[in-house]
Amino acid sequence: MLKVFYEDQDVIVVKKPVGTESQAVHSFAPDMVSEIKKHIHRLSTENGEKPVEDYVGVIHRLDKPVGGIMVYAKNKKAAAALSKQVQEHKLQKTYRAVVCGKPVDNVGNFVDYLLKDEKANVSKIVDKGITGAKKAELDYRVMDTVEKEGQELSLVEIHLKTGRHHQIRVQFAGHGYPLWADARYGTAVPRQNVALSSCGLAFEHPVTGKWMEFSMEPEGMIFRKFTKKFFV
């Protein structure tokens, strides 16, 4: 069942489950766009209405192993307005992650240049000026630190300033603090997903102009190791 935080004729804010694609990659795999279309069609049928426009606009993406809050547009006008907010860095995304180790600075900023390998579907930090490299920037703060099996783990809050491929995972790994259970950029943990969740989203409604904020607590056993509240 699709978890819907908010919905009107222009936008729909939903929870993307871990393991689901933000949009279709393979025809046989579940994806959010298809799930939202089914949801909209089901509501129309239940209300005895004619099927509405079969349009779901992708505004931003989350990696397949990452869950959390996402917004999609229900018409092209809303999609254009929301995409503009993304380009102007007005759409605010907040993440929670568990990283291995404790960053030296409790509050910090990472600025790197990332190069994506399309064939391998990975990104890496490279020198500025390398052909194809894109600037990646994020702010973070350490919320709590605990010890698990002799290893320090830190709960961090992250605010993206850019939206690059695997950005959070690549930058923290590159700076020596790989995300817990990240098999691609760190060390896999059996039966566990990468400890990263999209926990906050804020944007201006594309039609009414109303400022909208949504939040949720991160899901996953590893996040329960930390006693501090995520939202106050």
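The opening residue of the sequence shown carries number 233 in this note's numbering; numbering runs sequentially from there. Even for Gly, the Cβ is constructed at its ideal location relative to N, Cα and C.
| query | result |
| --- | --- |
| Within 8 Å of any Cβ in chain D, is that where the Cβ of residue 361 sits? | No chain D is part of this structure, which consists of one protein chain only. |
| Suppose the cutoff is 6 Å on Cβ atoms and the five residues either side in sequence are ignored; what does the same chain contact list for residue 236 look like? | 246 |
| Within a Cβ cutoff of 8 Å, which residues of the same chain sit near residue 268, ignoring the five residues on either side of it in sequence? | 234, 244, 246, 288, 304 |
| Measuring only the C-alpha atoms, how far is residue 345 from residue 358? | 6 Å |
| Under the rule that 16 or more other beta-carbon atoms within 10 Å means buried, what is residue 447, buried or exposed? | exposed |
| What are the boundary residues of the alpha helix (DSSP H) that includes residue 277? | 264-278 |
| Report yes if the CB atom of residue 450 is closer than 8 Å to the CB atom of residue 328, and no otherwise. | yes |
| What are the start and end residues of each continuous alpha helix (DSSP H) run of 4 or more residues lying completely inside the region 311-376, in chain order? | none |
| Cβ atoms of residue 387 and residue 458: under 8 Å apart, would you say? | yes |
| Name the two residues that bound the continuous beta strand (DSSP E) containing residue 400. | No beta strand (DSSP E) holds residue 400; the alpha helix (DSSP H) holding it covers 399-406. |
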